[in-house]
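Mapping of the sequence shown onto full-length UniProt numbering: residues 1 to 357, in sequence order.
Beta carbons are placed, not taken as given, at the ideal position from N, Cα and C, and that holds for glycine.
From a predicted model like this one, the values you see are computed outputs, not experimental measurements.
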Amino acid sequence: MAFLEIENLRKTFGANTVVQGFDLAVEKGEFISFLGPSGCGKTTTLRMVAGFEQPDSGRIAIGNKDVTGLRANQRQIGMVFQSYALFPNMTVAENVAYGLKIARRPAAEIRARVEEMLALIKLPSMAQRYPHQLSGGQQQRVALARALSINPQVLLLDEPLSALDAKIRISLREEIRAVQRKLGITTIYVTHDQEEALSISDRIVVMNEGRIDQVGTPFEIYNRPKTRFVASFVGTLNIVQGEVLDAALGRIQIDGQEVKVSRGLNGLASGATQAFALRPEAVTLGEGGDGRNRLRGTIDQVSFLGSVVRIRVRLKDNAILLDTFNNPNLTPPEFGSAVAVNFGTEDLLVLEGGERG
Ligand code: ATP
């Protein structure tokens, strides 16, 4: 059994089903992100794991123990919120000591633990300050120390960086990950920010309308998205429509130009229309070598983004975005020029069809 088991969780608010059929097994020490757009049920799922919300059905087990019916304070969970939620009239040290005081730990143990936690989050000199005397980033580090001080079995973070500015967000997410690795604590991190999820997670759970679309490592989620939703929510993407010519031979055509697809066509009928995902960074300008797919079109957009120049090549109904690295010694490709683009047969990803595809 995995350390944290979530089975067939379901939650409705009135007529609104916000989480359904949610299954997940999390290994001890794993860092998992719940990623999805606003309203997809991330927070509700996290709150059910925490014990702040009761599921309508389903089961949650931590360390082989069924905790579904237990209240939050009986689950040994550490929680960090977007809003920090520090006690404003308590010092940093008192905030960090809070859970240990409630648990009636001896004073000497509390003192030692607070010191250890403040060293861990690199704020040892701030013990006697009050929250309003700290920056947002510092307050969130204190909230993290407070959550960890009770030595929880699972750490839950609900959009902890959303209230902070971009630079702090990046440094703090690296710090959170470093602390998590150091303690080896099983962690669930809720975010709607795909870059954040990709950069810090062992595995990402992509949620869409209360259900899981895909669970995978950042590499898998980005490079092998299973549904159209995952593909378009994570990263920039081309979605092109192709017509199947011969599935067994991997032959399709896009706007009348034949290309090959190395996998995923099995079972599709000749003449069927199929959506494919293609990452901009998998596409290169030029004819390409043997075994590469080649499509011809016209450049109808050039966006200079600094280190990268993003180019759009219009075929007919389809257009393909591609990224090239800026080279100060070369003139960028020109709007309106006729070009070829090339990519590997494995770079065209078949997107699952259907309502949720
Ligand atoms: P966000 O990032 O906006 O918080 P989320 O993915 O975390 O989104 P949830 O907060 O879990 O989504 O909300 C999922 C849906 O459940 C939303 O439509 C929300 O309005 C609804 N919801 C959440 N809590 C309640 C509640 N206590 N009563 C009624 N509806 C709720």
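| Asked | Found |
| --- | --- |
| Through-space distance from Ala231 to Ile311, alpha-carbon basis | 20 Å |
| Nearest neighbour of Gln153, chosen from Ala248, Val49 and Val234 [CA to CA] | Val49 |
| Cβ pair Leu35, Ala197 closer than 8 Å | yes |
| CB-CB length for Thr68 against Ile77, believed under 8 Å | Not confirmed; about 13 Å, so no contact. |
| Cβ-heavy atom distance, Thr43 to the ligand ATP, below 7 Å | yes |
| Proximity test, Phe13 beta-carbon vs the ligand ATP heavy atom, cut-off 7 Å | yes |
| CB contact flag (Glu243, Gln253, <8 Å) | yes |
| For Ile185 and Gly29, the rounded distance between their alpha carbons | 5 Å |
| Ranges of the alpha helix (DSSP H) found wholly within the segment 41-66, counting only runs of at least 4 | 42-50 |
| Assigned secondary structure, Glu352 (DSSP; H/G/I helix, E/B strand, else coil) | strand |
| Between the CA atoms of Gln139 and Pro88 - distance to the nearest angstrom | 11 Å |
| Of the residues Arg169, Arg296, Thr217 and Thr324, the one placed nearest Ser337, counting alpha carbons only | Arg296 |
| Sequence ranges, alpha helix (DSSP H) only - wholly within the segment 157-199, length at least 4 | 166-183 |
| N-terminal and C-terminal residue of the beta strand (DSSP E) that Asn293 is part of | Asn293 to Phe304 |
| Strand pairing of Ala127, partner residues [DSSP] | Ala127 pairs with nothing; no bridge assigned. |
| Asp213 burial status per 10 Å Cβ neighbour count (16 or more: buried) | buried |
| Beta-carbon contacts of Phe31 that lie in its chain and below 6 Å, excluding the five residues immediately before and after | Gln180, Thr187, Ser201 and Asp202 |
| Residue interval of the alpha helix (DSSP H) (run including Ser149) | Gly136 to Ser149 |
| When Asp246, Val309, Val339 and Leu100 are compared against Arg294, the one with the closest alpha-carbon | Val339 |
| Cβ-Cβ distance between Ala85 and Ala143 below 8 Å | yes |
| Beta-carbon proximity check, Arg292 vs Asn223, cutoff 8 Å | no |
| Span of the beta strand (DSSP E), counted from its first residue to its last, around Gly242 | Asn238 to Asp246 |
| Simplified DSSP state of Lys260, which is helix, strand or coil | strand |
| Among Leu24, Gly289, Val313 and Ser162, nearest to Val80 - alpha-carbon criterion | Ser162 |
| Anticipated Cβ contact below 8 Å, Asp300 with Ala319, distance rounded | 7 Å |
| 8 Å contact criterion, which Val26 and Thr44 should meet: CB distance rounded | About 17 Å; that fails the 8 Å criterion. |
| For Met1, three-class secondary structure by DSSP | coil |
| Distance cut-off 7 Å: Ser125 Cβ against heavy atoms of the ligand ATP | no |
| One or two residues paired with Arg251 in a DSSP bridge | Asp246 and Lys260 |
| Val18 Cβ short of 7 Å to the ligand ATP heavy atom set | yes |
| Test item: CB-CB of Pro333 and Phe304 under 8 Å | no |
| Whole-Å CB distance - Ser262 paired with Thr345, under 8 Å assumed | 4 Å |
| C-beta contact flag for Leu265 and Gly286 at 8 Å | no |
| Local Cβ density within 10 Å of Glu159, reported as buried at 16 or more and exposed below that | buried |
| Assigned secondary structure, residue 359 (DSSP; H/G/I helix, E/B strand, else coil) | Because the chain spans 1 through 357 in this model, residue 359 falls outside it and cannot be assessed. |
| The ligand ATP heavy atom lying under 7 Å from the CB of Gly21 | no |
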